[in-house]
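These notes are about the structure you will find just below.
Protein chains: 4
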Amino acid sequence: MDYTSILHQVFDESKTDDGKVADYIPELSGINPAKFGIYLQTKDFKKIELGDSQEAFSIQSISKVFTLSMAFSLLGEKIWQRVGVEPSGSRFNSIIQLEYENGIPRNPFINAGALVVADILLSHLKNPKQDLLTFVQELAQDKSIDFDSRIAQSEKETGFHNASLVNMLKAHGNIKNNCSDVLDFYYHQCSLNMTCQQLAIAFSPFASLTEPFDFEGIILSKSQVKRINAIMLSCGFYDESGEFAFKVGLPGKSGVGGGIVAFQPHQYTIAVWSPKLNQKGNSVRGMKALELFTTLSGQSIF
Amino acid sequence: MDYTSILHQVFDESKTDDGKVADYIPELSGINPAKFGIYLQTKDFKKIELGDSQEAFSIQSISKVFTLSMAFSLLGEKIWQRVGVEPSGSRFNSIIQLEYENGIPRNPFINAGALVVADILLSHLKNPKQDLLTFVQELAQDKSIDFDSRIAQSEKETGFHNASLVNMLKAHGNIKNNCSDVLDFYYHQCSLNMTCQQLAIAFSPFASLTEPFDFEGIILSKSQVKRINAIMLSCGFYDESGEFAFKVGLPGKSGVGGGIVAFQPHQYTIAVWSPKLNQKGNSVRGMKALELFTTLSGQSIF
Amino acid sequence: MDYTSILHQVFDESKTDDGKVADYIPELSGINPAKFGIYLQTKDFKKIELGDSQEAFSIQSISKVFTLSMAFSLLGEKIWQRVGVEPSGSRFNSIIQLEYENGIPRNPFINAGALVVADILLSHLKNPKQDLLTFVQELAQDKSIDFDSRIAQSEKETGFHNASLVNMLKAHGNIKNNCSDVLDFYYHQCSLNMTCQQLAIAFSPFASLTEPFDFEGIILSKSQVKRINAIMLSCGFYDESGEFAFKVGLPGKSGVGGGIVAFQPHQYTIAVWSPKLNQKGNSVRGMKALELFTTLSGQSIF
Amino acid sequence: MDYTSILHQVFDESKTDDGKVADYIPELSGINPAKFGIYLQTKDFKKIELGDSQEAFSIQSISKVFTLSMAFSLLGEKIWQRVGVEPSGSRFNSIIQLEYENGIPRNPFINAGALVVADILLSHLKNPKQDLLTFVQELAQDKSIDFDSRIAQSEKETGFHNASLVNMLKAHGNIKNNCSDVLDFYYHQCSLNMTCQQLAIAFSPFASLTEPFDFEGIILSKSQVKRINAIMLSCGFYDESGEFAFKVGLPGKSGVGGGIVAFQPHQYTIAVWSPKLNQKGNSVRGMKALELFTTLSGQSIF
């Protein structure tokens, strides 16, 4: 069965109505829950797209892969002094481990870790927001990508949990800039609006479909790319990361906007978007679609 | 560079004296800390061995892969009602998550999870110890493999932590047999003595170097094998699993006897043995050797 | 209003049917839930009793006061090297703090602490069960008090949580005897059958209604008695100790058999029994009766 | 022995140099560590004072008794819907229980609880800071008592842990006002400067040395006063509360400024000040002095 047939079957069979649109960010809750898009890009740059694959949505936590790439490029191995690479085993926003582990977040994909990464970018870049935007535009080969300032503002006004996290990190000395500056940057990165197409293209360098990894001065060695991929596999889906590896078997990253991007190194990248989330914060249709896709295609890293 | 040259370089450069032989099991503490063996088996069944690769050692937690395979084959998907697939984020013997999560261990490779798996085998097999032994002998194609009853006895006499775990599981209704029977089986499985060679061969079916997976009635589908591999990658190295995925990028399993077995699906299996452990309970030389091996060979699943 | 009128009002107004008889010990679950007894003994040895005050019931955790008294008398201040005096802030059987705090239980009234106390008695007494029995008989001035071996046996067969605790303590080196011997003694102490009358009399020396504290060689100084009282106030009611101090304002101890004994030093002791428990494991009527009693009598230590 | 002789002995024998002045608040760290004052006030209003009993210091957490009294008077029993009365069993600033217990702090004397109490005062008072000041001045019969705005400012600039707590509370809906307003009030209450004499007098109504409890519209019934006292005994000394009850046996409250005030209801109040703290944040000399005082005087609530 070829990819096109598989994706059509996946698209049809994943149309569950289970799940619930994220409501903790007011601006996100207004999204049409029926939206559903898939975009596949293969190693020979064949593209298959279905549904709302050209519609931009809030990528939220998927942005953590972009900021980690920048910080890893800037700091090299020193970055691991400030954030770990282990799965957290707890809810994505848990403050508990932070207290027990003296302010070193478990990994860069839990909120606490992403806040530390944001702090690193603030310390090392003159125009961190613009630099991030340019980097993502280059990765996705699309200059139209932008922040959604309404979303960023909406999160800022209600983001007490993240404010709690960043202050706890600061209390442990693991935030160097002003807490409000770090939050401002963090909410902007989460507010990036991208389409399934843009995401699938932006992750091609992580899947080694294009080489080398060198975009606007953000350079990662092959080894560094592999390591980021390993973190995606271990930690990319909050405390459902084991479940995703178990059922799908691909590195990837999800966001509470309903987007998921995943890939098989050297083979393909795939981005899915559907806003209704399960209790762990991952897109219900997205998880189902990717599980079905690897089952039908018989392809996974294992 | 070919595998032979790479492995010689790996063998030489990994000879650190860091670490400490496991001392919590009296019988294990007497081992010669200088032991060091490597065995590689490739997809075309080329074999490369160095050092003490033919000497049997206590495989300890590596046995959890074998018992999980048996229980998964026996119960199918129902097994996941009694044990999860998420990394624990805590020390390998943590009883805390068990209390918070009502007696469902995070995954089958922490001790609590392996005790539940042992309980499943006791419920479903007439001669669980003999059946396990036969299964492992078939996997490794070597009838000489046996339990080391002195090790099993030694663990039983000092294994208060595991006794605590199994009673906590029983208090939550997740152990069906007598606690002492479960512990007896568990200590026997951990006491299996195997060489690097035997381990590398025994893991070939997990790496899909041989197919199908059908040994003495223990049958696993391709999909089931992939899922066990995903658990190995996420959870195979205690709370250093993320670090191992990050630095080595292979599914695998370690034991406090100092053994590590890892593999790249469809490419090779590799077993390493060196008794000195780091603070997380993984072989220092073993971790170093495997990191170096994937770096030099440029091969990993990412 | 005199004590007699107050107690009659208390008895009438506390007759709620809320709560649930303890069911985790099979032998306890058969008790008649309507049982209700009160016994008050004043400093001038006036006695007021109501309802089932002469009927013996399983004192369960109230026994922890007796064993602590013996161990404190035997070891003096050294006892605090093996068990603390702080409230636990967690469920009475929590194993979590034990793991974080290296096997030193928070206080002698959580199960883990009582198991350490039992272990101390086993190490220091030739006939620990008989010695405990004699001590309690002397305190209560009643030779008929005995263990209920059916209850002890019933607990032993289902007490996996306590077995988990004692093994965890042993794993941390804070149990010196065999785990099964410690559990056997512990289940016997909990199985002591006593009436409200016997309890009220037995606690008179703690309330300094009789002095000195010297029973069968178990001698406690005034200062030591005060300290045991302080632990009762801080830790006597599981994780409802703060609530009890807040609403009742007396040192005391409860058990899952439905008994509560409390006292105002130099004034009175009072024992209440009613088997239906709230979610924290304390007698619903008992808590209500004591709150009402101190409100109406205007007497508390504050 | 009379109180005067006892206090002189206490003063002399408590002069240890152990401990460390609080350094996490820069303005507090400059204090002379040799300061030592004691002030005793008896039921017949005899006053005994020694050392630096007339020198004002930062009362810090002792202020939590004053704000709790105001909030309890304003809300009555409804206050317990927003804060508990159980000891926390954890470090005074632990955010962990907050996460597990959905934003309801264990008691009003841990920082999280005091922040909720501050929020209540902000919601119910027009001039909360002035009202608190007036209330404390009335209690202590001294109009000269004031905030120390340098201390308040110093804490605000470095108080990331408290900022983390208040945002976590807000994320759980248990803070109604702006986080920064709550922190501003909280830091002002902690910055109150008082002498041992002022504190001993201010606590006389809690010890029922004066009645009724009615100061500037803050009215507490006898029962309410007793309940506040019970919380002081259970929770007044961070996670050393059990130890204090065990060794001293009095309700009281300590602060990281080195002050401790304690009392025996109907008998006396006593305030001690010495800036060097133990690891739990309580004054070393203060704890020692009070233990010695109750031992020598033979007086405690037990």
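Chains as they are written, first to last, in our numbering: chain D, 5 to 306; chain V, 5 to 306; chain P, 5 to 306; chain E, 5 to 306. No residue lacks a Cβ here, since even glycine has one placed at the ideal position from N, Cα and C.
| task | Taking only runs that begin and end inside the segment 203 to 264 of chain P, name each unbroken beta strand (DSSP E) of 3 or more residues, in chain order. | result | 217 to 219, 222 to 224 and 256 to 258
| Collapsed DSSP secondary structure at aspartate 21 of chain P in the structure displayed | coil
| Beta carbon proximity, serine 184 of chain E to chain D, threshold 8 angstroms | no
| said: In this structure, how does DSSP classify isoleucine 108 of chain E when only helix, strand and coil are distinguished? | reply: coil
| said: When you compare the CB positions of phenylalanine 139 of chain V and glutamate 220 of chain V, do they come within less than 8 angstroms of one another, or not? | reply: yes
| task | Tell me whether asparagine 36 of chain P is buried or exposed, calling it buried when 16 or more other Cβ atoms sit within 10 Å of its Cβ. | result | exposed
| In chain E, which residues lie with their C-beta within 7 angstroms of the C-beta of phenylalanine 306 of chain P? | Lys230, Asn233, Ala234, Pro255 and Pro269
| query | On the three-state DSSP scale, how would you describe phenylalanine 267 of chain V? | reply | strand
| DSSP three-state assignment for glycine 55 of chain E, whether helix, strand or coil | strand
| task | Kindly list, in the order they appear in chain D, the residues whose Cβ is closer than 7 angstroms to that of valine 89 of chain V. | result | Gly246, Glu247 and Phe250
| task | With DSSP collapsed to three states, give me the class of lysine 280 of chain D. | result | strand
| What separation, rounded to the nearest whole angstrom, lies between the Cα atoms of alanine 75 of chain E and isoleucine 232 of chain E? | 11 angstroms
| Taking the C-alpha atoms as reference points, what is the distance between aspartate 188 of chain D and isoleucine 108 of chain D? | 21 angstroms
| query | Within this structure, are the beta carbons of cysteine 200 of chain D and alanine 275 of chain D separated by less than 8 angstroms? | reply | yes
| request: Indicate the three-state DSSP secondary structure (helix, strand or coil) for glutamate 295 of chain V in the structure shown. | output: helix
| Where tyrosine 43 of chain D and glutamate 53 of chain D are concerned, what is the direct C-alpha to C-alpha distance, given to the nearest angstrom? | 4 angstroms
| beta strand (DSSP E) segment containing threonine 46 of chain P, residue limits | 41 to 46
| Three-pair Cβ contact test at 8 angstroms for the segment 161 to 176 of chain P versus the segment 161 to 174 of chain V | yes
| Roughly how many angstroms lie between the CA atoms of alanine 204 of chain V and threonine 273 of chain V, to the nearest whole one? | 5 angstroms
| query | Can a CB atom of chain E be found closer than 8 angstroms to the CB of asparagine 171 of chain D? | reply | yes
| message | Could you check whether the Cβ of glutamine 227 of chain E sits closer than 8 angstroms to any Cβ belonging to chain P? | response | One detail in the question is off: residue 227 of chain E reads as serine in this sequence, not glutamine. Cβ-Cβ to chain P under 8 angstroms: yes for serine 227 of chain E.
| query | Going by Cα to Cα distance, which pick from E/Ser304, E/Ile149, E/Gly285 and E/Tyr242 is closest to proline 91 of chain P? | reply | E/Tyr242
| Euclidean distance between Cα positions of leucine 310 of chain D and serine 245 of chain V | It is not possible to answer for residue 310 of chain D, since the shown part of chain D is limited to 5 through 306.
| aspartate 150 of chain V (DSSP reduced to helix, strand or coil) | strand
| said: So, with DSSP's three-state summary, where would you put serine 287 of chain D? | reply: strand
| message | For the pair the segment 65 to 75 of chain E and the segment 246 to 262 of chain E, tell me if three or more CB-CB distances fall below 8 angstroms. | response | yes
| request: Compute the Euclidean distance between the alpha carbons of arginine 110 of chain V and glycine 55 of chain P, then round it to the nearest angstrom. | output: 50 angstroms
| task | Would you kindly check if the distance between the Cβ of asparagine 197 of chain P and the Cβ of aspartate 152 of chain P is under 8 angstroms? | result | yes
| query | Using a Cβ-Cβ cut-off of 6 angstroms (strictly less than) and excluding sequence neighbours within five positions of glutamate 159 of chain E, which residues of its own chain qualify? | reply | Ile29 and Tyr191
| Between isoleucine 99 of chain D and chain E, is there a C-beta pair that is closer than 8 angstroms? | yes
| field | Proximity winner among V/Ile305, V/Cys183 and V/Arg289, relative to lysine 39 of chain V (alpha-carbon distances) | value | V/Arg289
| How about phenylalanine 96 of chain E: is its C-beta nearer than 8 angstroms to some C-beta of chain D? | Note that phenylalanine 96 of chain E scores 46 on pLDDT, short of 50, meaning its location in the model is unreliable and no value can be drawn from it.
| task | Measure the C-alpha to C-alpha separation of threonine 20 of chain P and leucine 11 of chain P and round it to an integer number of angstroms. | result | 16 angstroms
| query | Where alanine 293 of chain D and serine 62 of chain D are concerned, what is the direct C-alpha to C-alpha distance, given to the nearest angstrom? | reply | 19 angstroms
| query | Are the beta-carbon atoms belonging to isoleucine 124 of chain P and leucine 137 of chain P less than 8 angstroms from one another? | reply | no
| query | Excluding sequence positions up to five away, which residues of its chain have a Cβ less than 7 angstroms from the Cβ of serine 57 of chain V? | reply | Gly41, Ile42, Tyr43, Thr199, Cys200 and Gln201
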